[in-house]
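Visitor: Our numbering numbers the first residue of the sequence shown as 403 and each following residue consecutively. Beta carbons are placed, not taken as given, at the ideal position from N, Cα and C, and that holds for glycine. Model, not experiment: these values are computed from the prediction. One structure is given below, represented as structure tokens, and several questions about it will come after.
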Amino acid sequence: MPDLHWTIPVARWSSWPAVAAAAPDVGFIEPMVRRRLSTLSRIALKVAHDCAADKPSVRIVFASRHGELRRTTDILRNISAGEPVSPTSFSLSVLNAMTGVFGISRGDRSAASALSAGAETLGYALLEAHAQYATDTSTPVLLVYADEPADPAYGTIEEEVQGGALAILLDDAPAGRLTCSRAAATAENAPADPAGTLFATQSQAVHHCLDTRTAAQWRSEYAVWEWSWDEGVA
403 MPDLHWTIPV ARWSSWPAVA AAAPDVGFIE PMVRRRLSTL SRIALKVAHD CAADKPSVRI
463 VFASRHGELR RTTDILRNIS AGEPVSPTSF SLSVLNAMTG VFGISRGDRS AASALSAGAE
523 TLGYALLEAH AQYATDTSTP VLLVYADEPA DPAYGTIEEE VQGGALAILL DDAPAGRLTC
583 SRAAATAENA PADPAGTLFA TQSQAVHHCL DTRTAAQWRS EYAVWEWSWD EGVA
């Protein structure tokens, strides 16, 4: 794969930590739907609402390595035990469940997509969001990343996610620009990390870049991803 380099306009962003003292407020979702939501969907909807509540329509790119895997695992356990499976649980177990709930709650029929790409999920979601916005700047693009560690039944997961949620709104009049790059991992570009800019997960790296306005990296066996912030809007 060739090296990639792109920049996205960030109008605003919101995050929800992996461990939070309080549950996210999703009062904008009707009670009957709200009570059936998983923790993952709740935090995803929370950050999405924080970023796009004042936008009548947004295109959504939802990204998650595991998605509603915990809900799916519970369904499989019910089947194994010979217990009935709730149709609602099944409908909310798909990767793009959050986008459907969000669009219905807003009455927004804009396009929505969902993707999963292993440990590189957030990086490729940023690329997808960039491609969609660059193709059509008339409607904002809302990137929503939400994840949680897989159920212990699956054993040890390499480069496991930390958990939490992050939303980034791509729109005109940005507060700044997030520059993203992906290059093949080589001995020559192995980072020494003297300033602590190398992170264990992509979500930690991107959040650090947005929060501190300093560069951050994530490295796998095959690729080096880097993000940096530019206050300029030109």
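Within the same chain, show all residues whose beta-carbon is closer than 7 Å to that of W418, passing over the 5 residues directly before and after it, in chain order.
Guide: Against the sequence shown, residue 418 aligns to sequence position 16. Taken in chain order, the residues that qualify are P426, I445, K448, V449, G566 and A567.
Visitor: Given F430, which residues of its chain have a CB within under 7 Å of its CB, disregarding the five upstream and five downstream residues?
Guide: One-based indexing of the sequence shown puts residue 430 at position 28. So the list reads H451 and S507, once near-sequence residues are dropped.
Visitor: Going by DSSP, name the residue or residues bridged to H407.
Guide: Residue mapping note: residue 407 aligns to position 5 of the sequence shown, counting from 1. Per DSSP, S583.
Visitor: Assign Y526 to one of two classes, buried (16 or more other C-beta atoms within 10 Å of its C-beta) or exposed (fewer than that).
Guide: Translated into the one-based positions of the sequence shown, residue 526 becomes position 124. Buried, since its Cβ has 16 or more Cβ neighbours within 10 Å.
Visitor: Whose CA, out of C582, V503, A531 and A575, lies closest to the CA of P664?
Guide: Residue 664 lies beyond the range of the chain shown here (403 to 636); nothing can be said about it.
Visitor: Per DSSP, S506 is paired with what?
Guide: For the purposes of this step, residue 506 is taken as the residue at position 104 of the sequence shown. Looking at the sequence itself, residue 506 is Ile, so the reference to Ser does not match. According to DSSP, I506 bridges with nothing at all.
Visitor: What separation, rounded to the nearest whole angstrom, lies between the Cα atoms of A607 and R584?
Guide: As a working note, residue 607 is residue 205 in the sequence shown. As a working note, residue 584 is residue 182 in the sequence shown. Computed Cα separation, rounded: 13 Å.
Visitor: Hey, how far is the Cα of A602 from the Cα of C611?
Guide: Walking along the sequence shown from the start, residue 602 turns up at place 200. Walking along the sequence shown from the start, residue 611 turns up at place 209. Taking the straight line from one Cα to the other gives about 14 Å.
Visitor: Does the contact criterion of 3 or more C-beta pairs under 8 Å hold for the segment 451-466 versus the segment 533-545?
Guide: Enough Cβ pairs lie closer than 8 Å, so yes.
Visitor: Straight-line CA distance for A636 to P411?
Guide: By one-based count along the sequence shown, residue 636 stands at place 234. By one-based count along the sequence shown, residue 411 stands at place 9. Annotation note: pLDDT 47 at A636 (below 50); position unreliable, no value reported.
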